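Residue numbers -18 to -1, 1 to 348, in mature numbering (1 follows the signal peptide of the UniProt record, and there is no 0), belong to the letters of the sequence shown in order. All C-beta atoms in this analysis are idealised placements derived from N, C-alpha and C, irrespective of residue type, glycine included. This one's a predicted model, so the numbers in the text were calculated from it and none came from an experiment. Report on the structure given below.
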Amino acid sequence: MYWLRSFGLLLFSFHIHAARIPLVSQCSEVSFRLAAVAENVVWSPEPDLNDEGAILDFYYGGFSGTGPPVVGTETLRQNLTIEGMYCRPAVENQLGVLQVLVHGISYNKTMWSGLGFGGQYDWHAYANNQGYHTLAIDRVAHGTSTEFPDPLEVVQGPMIVETLHQVIAHARTQPDGPLQRTFDKVAIVAHSYGGWVATGLAIQHPDAVDALVLTGFSNTPNHTVLATSKMRSAAMLSPERFSHLPLGYITTEEQGEREANFYHPGGYDTAIPLIDYEYQDTWSIGQTGNLDFAATSPVDYRGHYTWRLERCEEILRDTRDFYPNVSRFGYFAPENTGHALTLHYTAALTARAVHDFLLSYFTESE
Ligand SMILES: *[C@@H]1O[C@H](CO)[C@@H](O)[C@H](O)[C@H]1NC(C)=O
Ligand SMILES: *[C@@H]1O[C@H](CO)[C@@H](O)[C@H](O)[C@H]1NC(C)=O
Ligand SMILES: *[C@@H]1O[C@H](CO)[C@@H](O)[C@H](O)[C@H]1NC(C)=O
Ligand SMILES: *[C@@H]1O[C@H](CO)[C@@H](O)[C@H](O)[C@H]1NC(C)=O
């Protein structure tokens, strides 16, 4: 199980703070205007992006090996705006760490506020109460974004990695940028596909972040659920919400199937998966089509790496080998918890395990 090497004195002082002062964090919407350059992959033949059937054939074909092959790469330049929710703690801890929260597929930045359920599902609140700053971003073409670039050619892992890299660079270097201050230390907390993005960042820019927390992720992912679940073009499934999206933005078709895939029986409030489905976000076929951008070990990444998953301790332990040069590794496998682990009854346990880890790591590396 998850372990701690040493217990910092700081921990106790934070707890005293937490007990004495009613802490309220302050959150605001922020926007990062970026000029991203990325090396995306090219498939041939490309599917007809006006034909939902062809789009879904491409999607499923990518998992079964019957889709078109990757024939090369191309350098893409794209101006993009990344929207975020930035929350400041009422009482900052001495570590000065920014947590950048990266959502999974078919979610957006509101997953870190518990999809509106708040309370124990609100990662910002937990982290802010421990004195951390949090920035939850909408990845390209999610959430409150109004930009929907070509879902095959443009919205792929390498481009998403580059936008994350630039957001972090802003946070580190621009005192007059959207956050109105700079941070020396940055930790990524990522869910599911966000873990691919974080790993891609550790490969491309090993010094960009100090710590990675990857939830619902491993180096031996099981793609069966993605490969067999029913998907639709979002604009066809929910025209009232998504008619403005190109058909190459897809999402999950069935509420019950989504619930079975993302939630562990008995481990959650049954009101949550209904809202989770009704307000689900989308993703581009370029994202799931190209997962290889994060397939090699980030051998130059030396920060601290930890991650959590819903089960399978052996897989968790072995994931250490994928990050050979990290100075510290830990994992946590909460009981009775499915893939959407911050939306289960164990959410606060998970948050505590992660924050214990971050605290001891950053305290030791002071
Ligand atoms: C991005 O914006 C800059 C500044 O407005 C502009 O010069 C450039 O042509 C834009 N690039 C693309 C690829 O649209
Ligand atoms: C992958 O997931 C599917 C569906 O959950 C499961 O039936 C299968 O056993 C898993 N495969 C492995 C190798 O774990
Ligand atoms: C982002 O997620 C929230 C919560 O699930 C949802 O209400 C909102 O509609 C989503 N935005 C998009 C564009 O899907
Ligand atoms: C760790 O990093 C060094 C320097 O970049 C590299 O030479 C070495 O191969 C890496 N270790 C592993 C196990 O990959």
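- The beta carbon of Ser225 lies closer than 6 Å to those of Ala217 in the same chain, with the five residues before and after it left out.
- Phe311 has Tyr287 as its beta-bridge partners, per DSSP.
- Tyr261 and Tyr283 have their C-alpha atoms roughly 36 Å apart.
- Unbroken beta strand (DSSP E) runs of no fewer than 3 residues, entirely contained in the stretch 24 to 76, are found at 52 to 70, following chain order.
- In the three-state DSSP reduction, Ala172 falls in the strand class (E or B).
- Assignment of Ser225 by DSSP, reduced to helix, strand and coil, places it in the coil class.
- Exclusion of the five residues before and after Arg59 leaves Ala17, Ala18, Val19 as the residues of its chain whose Cβ lies within less than 8 Å of its Cβ.
- At a Cβ-Cβ threshold of 8 Å, Ile119 and Val143 do not count as neighbours.
- Beta-bridge annotation (DSSP): Phe14 is paired with Ile64.
- Your pair Gly176 and Val84 checks out as a contact, with CB atoms roughly 4 Å apart and the cut at 8 Å.
- Between the stretch 233 to 240 and the stretch 97 to 112 there are fewer than three C-beta pairs closer than 8 Å, too few to call the two in contact.
- DSSP, reduced to helix, strand and coil, places Arg214 within a strand of the structure shown.
- Scanning its chain for C-beta atoms nearer than 8 Å, with the 5 sequence neighbours on each side dropped, one finds around Leu219 the residues Thr233, Glu235, in chain order.
- Under the 10 Å beta carbon count, Arg121 is surrounded by 16 or more other beta carbons and is classified as buried.
- Taking non-hydrogen atoms of ligand 1 into account, the C-beta of Asn61 is found less than 7 Å away from one of them.
- Within the same chain, and ignoring the five residues on either side of Gln269 in sequence, the residues whose Cβ sits closer than 8 Å to its Cβ are Ile87, Val137, Gln138, Gly139, Ile142, Tyr175.
- Around the beta carbon of Arg214, 16 or more other beta carbons sit within 10 angstroms, so the residue counts as buried.
- Here Lys167 is buried: its Cβ has 16 or more other Cβ atoms, across all protein chains shown, within 10 Å.
- For ligand 3, a non-hydrogen atom lies closer than 7 Å to the CB of Thr92.
- Assigned with DSSP and collapsed to three states, Glu144 falls in helix.
- Within the same chain, Cys9, Glu11, Lys91, Ala118 come within 7 Å of Met67 by CB-CB distance, once the 5 residues on both sides are set aside.
- For Leu161, there is no enclosing alpha helix (DSSP H), as DSSP marks it with neither H nor E.
- When the beta-carbon positions are compared, Glu21 and Thr48 stay at least 8 Å from each other.
- Scanning Tyr231, Val281, Ala253 for the CA closest to the CA of Thr264 turns up Tyr231.
- Between Ile185 and Thr278, the gap from beta carbon to beta carbon is short of 8 Å.
- The residue among Ile267, Pro247, His187 with its C-alpha nearest the C-alpha of Val281 is His187.
- Shown here, Tyr327 sits in coil according to DSSP, grouped into three states, outside any helix or strand.
- At least one heavy atom of ligand 1 lies closer than 7 Å to the C-beta of Ala17.
- Thr128 sits exposed, since fewer than 16 C-beta atoms from the chains shown fall within 10 Å of its C-beta.
- For the 8 Å CB-CB criterion, Thr319 and His246 form a contact.
- With a beta-carbon spacing of about 23 Å, Leu229 and Asn61 fall beyond the 8 Å limit used to define contacts.
- Inclusion of Thr63 and Phe14 in the CB contact set at 8 Å is warranted, their separation being smaller than that value.
- Going by C-alpha positions, Glu222 is about 38 Å away from Tyr114.
- Nearest to Met93 by alpha-carbon distance, out of Leu227, Gly312, Tyr259, is Tyr259.
- Inclusion of Leu80 and Phe165 in the CB contact set at 8 Å is warranted, their separation being smaller than that value.
- One Cα belongs to Val336, the other to Val195, and the distance between them is close to 7 Å.
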